[in-house]
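My numbering puts the first residue of the sequence shown at 19, with every later residue one more than the last.
All residues carry an ideal CB built from backbone N, CA and C; glycine is no exception.
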Amino acid sequence: MEEQKQSTEMEVIVATMGEGGEEEDKEVTEARRNLVSEMLARVQNAKGDHKDAFKRMKRDMDLVFHGYDPKSWDEDKYSVNLAQRHVQQRTAALYAKNPRCVAKRRQRMAYTLWDGSQEMLQDAMATRQMAETHQAPIPQAVNMVLEEYDRVQTENIKLDKISQTLEILFHYFMQESQPTFKSQMKALVRRMLTTGVGFVKLGFQREMQRKPEISARMNDIQVRLDHLKRLADEVAEGEISENDAEFEELTLSLKALAEEPNVIVREGLMFDFPDSTAIIVDPRCKQLRGFIGARWIAHQMFFSPEEVEEIYGKCVEDSYTGYEVKGRSHDSSKNASGPADGEAKKTTNEGMVCVYEIYDKPSGLVYTVAEGFDDFLVEPSEPELKLETFWPIFSLVCNEVEHDKEIYPPSDVHLMRSMVEEYNRAREGLREHRKANRPGYLSPAGALEDDEKDKLATRPAHAVITVQGLQVGQKSEDVVTPLKTVGIDPNLYEVKTVFDDVQLAVGAQEANFGGTSGSTATETSVAESSRMSALGAQVDELDSFMTDLARASGAILFQHMSADQVKKIAGPGAVWPELTAQEIADEVMLEIEAGSTGKPNQAAELRNLERVLPYIIQIPGINPAWLAKEVLKRDRKS
Numbered sequence: 019m020e021e022q023k024q025s026t027e028m029e030v031i032v033a034t035m036g037e038g039g040e041e042e043d044k045e046v047t048e049a050r051r052n053l054v055s056e057m058l059a060r061v062q063n064a065k066g067d068h069k070d071a072f073k074r075m076k077r078d079m080d081l082v083f084h085g086y087d088p089k090s091w092d093e094d095k096y097s098v099n100l101a102q103r104h105v106q107q108r109t110a111a112l113y114a115k116n117p118r119c120v121a122k123r124r125q126r127m128a129y130t131l132w133d134g135s136q137e138m139l140q141d142a143m144a145t146r147q148m149a150e151t152h153q154a155p156i157p158q159a160v161n162m163v164l165e166e167y168d169r170v171q172t173e174n175i176k177l178d179k180i181s182q183t184l185e186i187l188f189h190y191f192m193q194e195s196q197p198t199f200k201s202q203m204k205a206l207v208r209r210m211l212t213t214g215v216g217f218v219k220l221g222f223q224r225e226m227q228r229k230p231e232i233s234a235r236m237n238d239i240q241v242r243l244d245h246l247k248r249l250a251d252e253v254a255e256g257e258i259s260e261n262d263a264e265f266e267e268l269t270l271s272l273k274a275l276a277e278e279p280n281v282i283v284r285e286g287l288m289f290d291f292p293d294s295t296a297i298i299v300d301p302r303c304k305q306l307r308g309f310i311g312a313r314w315i316a317h318q319m320f321f322s323p324e325e326v327e328e329i330y331g332k333c334v335e336d337s338y339t340g341y342e343v344k345g346r347s348h349d350s351s352k353n354a355s356g357p358a359d360g361e362a363k364k365t366t367n368e369g370m371v372c373v374y375e376i377y378d379k380p381s382g383l384v385y386t387v388a389e390g391f392d393d394f395l396v397e398p399s400e401p402e403l404k405l406e407t408f409w410p411i412f413s414l415v416c417n418e419v420e421h422d423k424e425i426y427p428p429s430d431v432h433l434m435r436s437m438v439e440e441y442n443r444a445r446e447g448l449r450e451h452r453k454a455n456r457p458g459y460l461s462p463a464g465a466l467e468d469d470e471k472d473k474l475a476t477r478p479a480h481a482v483i484t485v486q487g488l489q490v491g492q493k494s495e496d497v498v499t500p501l502k503t504v505g506i507d508p509n510l511y512e513v514k515t516v517f518d519d520v521q522l523a524v525g526a527q528e529a530n531f532g533g534t535s536g537s538t539a540t541e542t543s544v545a546e547s548s549r550m551s552a553l554g555a556q557v558d559e560l561d562s563f564m565t566d567l568a569r570a571s572g573a574i575l576f577q578h579m580s581a582d583q584v585k586k587i588a589g590p591g592a593v594w595p596e597l598t599a600q601e602i603a604d605e606v607m608l609e610i611e612a613g614s615t616g617k618p619n620q621a622a623e624l625r626n627l628e629r630v631l632p633y634i635i636q637i638p639g640i641n642p643a644w645l646a647k648e649v650l651k652r653d654r655k656s
């Protein structure tokens, strides 16, 4: 939701930034310091347990980026990026469009007197009408049935309007996301196909509140205000003088802010999409989907010391463990239990601060800690978002397998790693064979001078070359003879078997990569049917994931959105409940319409339409314009 604030209001806010003085430094107790240390150790140990899985993810990301494993292949060698091709095609098939969210009432047996039949209802209405006509008393049983019917119908109408309002809100915040929700979801699907798992974290940003999530930050004035507040506080404390660059930055920013006629402050539902290695899961977790068995989950984030002060209000300048600016490329030999490959490299009080937001289910609290800092960045408290799952993090996984030690499943890229490497080796072998088969010539030692050899090797077309060692009437074959080479056997470098293995591993055949094989049309059709079956299962998994996300989003909106805020977004006719969020959650639920995220199957939809069309046109009163529109809509789909 967008709120327009006049510049005069912002000037008052900025003017009071430096006021209030410093907070009294409270001494950190030994017990508190020990708890912070215990939380950090818990996360570090878990990262050590997941180190192999995180390394596998890093190698798979390299394979998709380069088309080969940089540790075993050279960029000068022949390579075809089959992995990236597969990821892009599978992403387009799995998440082709924004989902259609549907809010509806839960199915309940609300009637205790009415049996649900129209006959009973009509008889009751006829009895009441007859009694009113003859001015006779209405039988009590009939009156109770009709009163119950009217009461339940009124409640259902209200719940239907609430459901419609909830749909409008959810779609509004999907559209408000920056980058767009669709682009971020496509990135999530690519991440899942590459690493085996992707995560979404829900949040709710309030007006004048800065959230730490990196990719979910709303594009508003709040980031600027937090930055200016920190600078103003440092000026008030004497840490910044009038000759410092930061003082000039503050002056210019305040001037620009005062000249703005209005600024935008946003609040509402947020979707954050952290990296696959940024969510640290309790090693006791048995299944990533739903985090079965996990007692805690940590979200790892990297900020500069200045950002930590702006977001959390804590100065960590002299007491934190520094990381590289990108928070990656960790040297695991320095600390076996430290950050895993692909996450961070330690330095000494320089660079980025590693912050963990730990959701601890047994205690029901959220702990926010930073490596090297002996106090909490935020006072531990209950999660701001009250969800049935406790943690606001949801996981999307593919290729789930049952394993007693591994919870991170192998990705599509990992499953086709051997085939990609074998394809590159076959093509590189053919390339080397072609180079080895280039024309060459043999000459007896001393038969030709060095410059004569150069003339023969670099001769232009129709050149006349004189050779001292060639006698008049002597044949050229006596001095120079062609080098006999080994012919290329195509069977040595065929790649059809590679694509056969790709089909078995990830369900993609050669035709999906743009090539053609010697398979018959029937064989190709059967393989495509098998691929579509597997794809349908993955689309269904994605729809289930989106439904969980939508239901949790609905619960958040019920908790944090007021009726006035809702009407500004959904319109004056919107209906928002006055009951508790739990009472409404028991009545209304959000879900994603099945199959609404994937690419439509044009052939199947047209085939089904052809079957039912003869019966549809026989329905009395059918609208021909609507029917023509539905036919054309399916014909245009791709």
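Bridge partners - residue i, DSSP secondary structure assignment
i           : result
residue 376 : 316 and 385
residue 297 : 317
residue 500 : 459
residue 305 : 310
residue 290 : 219
residue 163 : In the DSSP output, where bridge partners are listed per residue, residue 163 has none listed.
As assigned by DSSP and simplified to three states, the class of residue i
i           : result
residue 135 : coil
residue 222 : strand
residue 560 : helix
residue 157 : coil
residue 483 : coil
residue 397 : strand
residue 341 : strand
residue 412 : strand
residue 127 : coil
residue 637 : coil
residue 370 : strand
residue 644 : helix
residue 147 : helix
residue 582 : helix
residue 434 : coil
residue 281 : Unreliable placement is indicated for residue 281, whose pLDDT of 47 sits below 50; no coordinate value is reported for it.
residue 194 : helix
residue 423 : coil
Cutoff 7 Å; reference residue i; Cβ partners in own chain excluding five residues on either side
i           : result
residue 312 : 299, 300, 302 and 303
residue 629 : none
residue 157 : 145
residue 237 : At residue 237, the pLDDT of 46 sits below 50, so the modelled position is not reliable; the number obtained from the coordinates is stated separately. Within the same chain, residue 237 has close Cβ partners 196.
residue 566 : 412
Span separating the alpha-carbon of residue i from that of residue j
i           : j           : result
residue 135 : residue 573 : 34 Å
residue 87  : residue 183 : 50 Å
residue 323 : residue 387 : 13 Å
residue 97  : residue 91  : 9 Å
residue 379 : residue 642 : 57 Å
residue 505 : residue 452 : 9 Å
residue 433 : residue 340 : 36 Å
residue 59  : residue 420 : 28 Å
residue 495 : residue 488 : 10 Å
residue 120 : residue 570 : 14 Å
residue 440 : residue 516 : 7 Å
residue 290 : residue 316 : 14 Å
residue 11  : residue 594 : The structure shown has nothing for residue 11, since the chain only spans 19 to 656.
residue 167 : residue 589 : 30 Å
residue 416 : residue 204 : 15 Å
residue 94  : residue 104 : 23 Å
Same chain only: Cβ atoms within 6 Å of residue i, ignoring 5 sequence neighbours per side
i           : result
residue 460 : 499 and 501
residue 414 : 210, 216 and 563
residue 233 : Reliability of the predicted coordinates at residue 233 is poor, the pLDDT of 44 falling under 50, and the value obtained from them is presented with this limitation in mind. So the list reads 290 and 291, once near-sequence residues are dropped.
residue 458 : 501
residue 473 : 483
Proximity test, residue i beta-carbon vs the ligand SAM heavy atom, cut-off 7 Å
i           : result
residue 213 : In the structure shown, the ligand SAM is absent, as is every other ligand, since no ligand is present at all.
Cβ-based neighbour list, residue i, same chain, cut-off 8 Å, excluding 5 preceding and 5 following
i           : result
residue 471 : 461
residue 83  : 102
residue 321 : 230, 329, 370, 371 and 373
In chain order, each beta strand (DSSP E) run of at least 3 residues that lies wholly inside the segment 49-107: none
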